[in-house]
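A quick write-up on the structure given underneath.
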Amino acid sequence: MDKYIIGNWKAAPATTKEARRLWDQIQRSSWGKNVHVIVCPPFPFLSSVIPKGKIALGGQDCFWEQGAYTSAVSAEMLKDVGCAYVILGHSERREYFGDTDDVINKKLLSALKSGLRPILAVGEKTRKTFDSRGKHTNELDIVVEEQVVKALRGVSHAKIRNVIIAYEPIWAISKGKGNHAFAKPDDVFMAVLYIRKILTRLYSRTIAEAVPIIYGGSTNSKNIARFLAEGGVNGVLVGNASLDSTEFARIVKIANEAT
Ligand code: PGA
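The numbering of the sequence shown is the numbering used here, which starts it at 19 and goes up by one.
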């Protein structure tokens, strides 16, 4: 299956000048042709970078309507400025902007309708198996299942093939600087299998095997090879490390060379 390396710049950098410089540096890097490279800058910079050749452009969110919705950016607008992809349901959107599964579902349906490929982010907060009262819970299974099922409500068998699912356990995001809660390839492998099981139930085995599932959470050039080889993923969603063009190019190159 094709591999996807997606850079999520989040709310950075601060200026158009820096955004252009970063984009141009990435654009100039060489890595081969075996991966899809997608970069998702903040909205104001989308029109300042030119998606040509080897990097595709993505938005970090979209709204499902146009008109009297102050501050909203619609899927159609993203498409018009050259986006081919859009990240939806990122844990930071869920936490700081109140995106619920129902909201994410509406966004996802509108993205598909506008011809964008949604990158649906899902992931549990912790890997606790017991709650505070000692009751057996399994946060990975419960949370991820609910997020996947609700976000994909109404997505047809034909359209689901355009969706990419990003497994992003919250406990492993942005841990690049000294925190040791890195996900292990086995943690990712379990979640990927579980998501494919849900897709099999919702759609079919063929579709479950065809939908790309990628991993995101403190990925860098040191750990990506193992996630690709042992985590069973079809790529990675890179946050912090995507703001360093040399590091990002290294990640893409490793993915390109991975079998
Ligand atoms: P990170 O971000 O690579 O900085 O952990 C990943 C993400 O949130 O998409």
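Every residue gets a Cβ at the ideal spot worked out from N, C-alpha and C, and that includes glycine. In this text the structure is predicted, and so the values were computed from the model without any measurement.
Open item on the list: Under 6 Å: does the beta carbon of N258 sit that close to some heavy atom of ligand 2?
Closed with: Here the bound small molecules are ligand 1; ligand 2 is not part of this structure.
Task: ligand 1 heavy atom lying under 6 Å from the CB of L255 - done: Taking 6 Å as the cut-off, one finds at least one heavy atom of ligand 1 near enough to the beta carbon of L255.
TODO: With hydrogens ignored, establish whether the beta-carbon of G234 is closer than 6 Å to any heavy atom of ligand 1.
DONE: Yes, the beta carbon of G234 sits closer than 6 Å to at least one heavy atom of ligand 1.
- [ ] Give the DSSP bridge partners of P136, in chain order.
- [x] For P136, which the question treats as bridged, DSSP gives the partners V104.
Task: Nearest to L170 (by Cα), restricted to the options E83, A90 and K125 - done: Here the closest residue by C-alpha is K125.
Open item on the list: Beta-carbon within less than 7 Å of C101's beta-carbon, same chain only, minus the 5 sequence neighbours each way: which residues are those?
Closed with: Cβ neighbours of C101 beyond the five flanking positions: L64, L75, G76, G77 and L134.
Task: Proximity of V53 and A273 at Cβ, strictly below 7 Å - done: Closer than 7 Å, so yes.
Open item on the list: Please return the same chain residues whose Cβ sits closer than 8 Å to the Cβ of I73, not counting the five positions on each side in sequence.
Closed with: Excluding sequence neighbours, I73 sits near W41, I44, Q45, V55, I56 and V57.
Open item on the list: Can you tell me whether S128 sits near ligand 1, meaning its C-beta is under 6 Å from at least one heavy atom of the ligand?
Closed with: The beta carbon of S128 sits no closer than 6 Å to any heavy atom of ligand 1.
Task: Beta carbon of I232 nearer than 7 Å to that of V254 - done: A contact, by the Cβ cut-off of 7 Å.
Open item on the list: If I follow the unbroken alpha helix (DSSP H) through I122, where does it start and stop?
Closed with: Unbroken alpha helix (DSSP H) run through I122: D119 to K131.
- [ ] Hey, could you find the ends of the beta strand (DSSP E) N26 is sitting in?
- [x] Taken as a continuous stretch (DSSP letters only), the beta strand (DSSP E) holding N26 covers K21 to N26.
Open item on the list: Rounded to whole angstroms, what is the Cα-Cα separation between N197 and T144?
Closed with: No answer about N197 holds up, because its pLDDT of 48 lies below 50 and its placement is not dependable.
Open item on the list: Tell me which residues share the same chain as N241 and place their Cβ nearer than 8 Å to its Cβ, disregarding the 5 neighbours each side in the sequence.
Closed with: If we look at N241 and ignore the five residues flanking it on each side, its Cβ neighbours are F200.
TODO: Quick one: grab the DSSP three-state call for F115.
DONE: Residue state, collapsed to three classes: coil.
Task: Proximity of I188 and P230 at Cβ, strictly below 7 Å - done: No; because the gap between Cβ atoms is not below 7 Å, this pair is not in contact.
Open item on the list: Within 10 Å of its beta-carbon, does H108 have 16 or more other beta-carbons around it, so buried, or fewer, so exposed?
Closed with: Under this definition H108 is a buried residue.
Task: Straight-line Cα distance separating L217 from R179 - done: When rounded, the distance between both Cα atoms is 11 Å.
- [ ] State the DSSP-derived secondary structure class of I191, mapped to helix, strand or coil.
- [x] If DSSP states are grouped into helix, strand and coil, I191 belongs with coil.
Open item on the list: Would L130 pass as an interface residue toward chain C - the criterion being a Cβ-Cβ separation below 7 Å?
Closed with: In the structure shown, chain C cannot be found, because there is only a single protein chain.
Open item on the list: Rounded to whole angstroms, what is the Cα-Cα separation between V162 and H175?
Closed with: About 20 Å.
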